[in-house]
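> Below is a structure I'd like to ask you about.
In the numbering used here, the protein residues as written are 264 to 357.
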């Protein structure tokens, strides 16, 4: 395993604390074991923040927060499906 920064540890702690209210008695969220769910959400969040920090032309913090919220709230597959549907509708107009 790679070394984890203090920032990553703080982000992980914050995400885990916010998710506590959604964990069921059998330690799952939507039938997914809590640690798998938590690992996915925290890993994706940390990854997008790392990309934003390294980006040569980063978007604003507000934009980043909006995008992270959208991805977490809607899920990547739903966003891609909606984008594909929107693109198909545009293609049919031409």
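Note that CB positions come from ideal geometry on N, CA and C, so glycine has one too.
Here the structure is a predicted model, which means the values were calculated and not measured.
Provide the residue span of the alpha helix (DSSP H) that contains residue 285, from first to last.
Taking the chain shown and counting its residues from 1, one reaches residue 285 at position 22. Looking at the DSSP string, residue 285 is not in any alpha helix (DSSP H), and its letter there is neither H nor E.
> Report the CB separation of residue 292 from residue 303 in whole angstroms; it is logged as a contact under 8 Å.
As a first step, residue 292 must be located in the chain shown, where it is residue number 29. As a first step, residue 303 must be located in the chain shown, where it is residue number 40. Wrong, their Cβ atoms sit about 10 Å apart, outside the cutoff.
> Between which two residues does the alpha helix (DSSP H) harbouring residue 313 extend?
The residue given as residue 313 occupies position 50 in the chain shown. Counting along the chain, the alpha helix (DSSP H) containing residue 313 begins and ends at 297-317.
> Going by CA-CA distance only, name the one from 296, 305, 299 that's closest to residue 277.
Taking the first residue of the chain shown as position 1, residue 277 is located at position 14. Residue 277 has its Cα closest to that of 305, out of 296, 305, 299.
> Using the C-alpha atoms, what's the distance from residue 298 back to residue 307?
In the chain shown, counting from the first residue as 1, residue 307 sits at position 44. In the chain shown, counting from the first residue as 1, residue 298 sits at position 35. Going from the Cα of residue 307 to the Cα of residue 298 covers about 14 Å.
> Would you kindly report the start and end of the unbroken alpha helix (DSSP H) that includes residue 334?
Along the chain shown, one-based indexing puts residue 334 at 71. Residues 324-337.
> Are residue 314 and residue 279 close, meaning C-beta to C-beta below 8 Å?
For the purposes of this step, residue 314 is taken as the residue at position 51 of the chain shown. For the purposes of this step, residue 279 is taken as the residue at position 16 of the chain shown. No, the pair does not count as a contact, with Cβ atoms beyond the cut-off.
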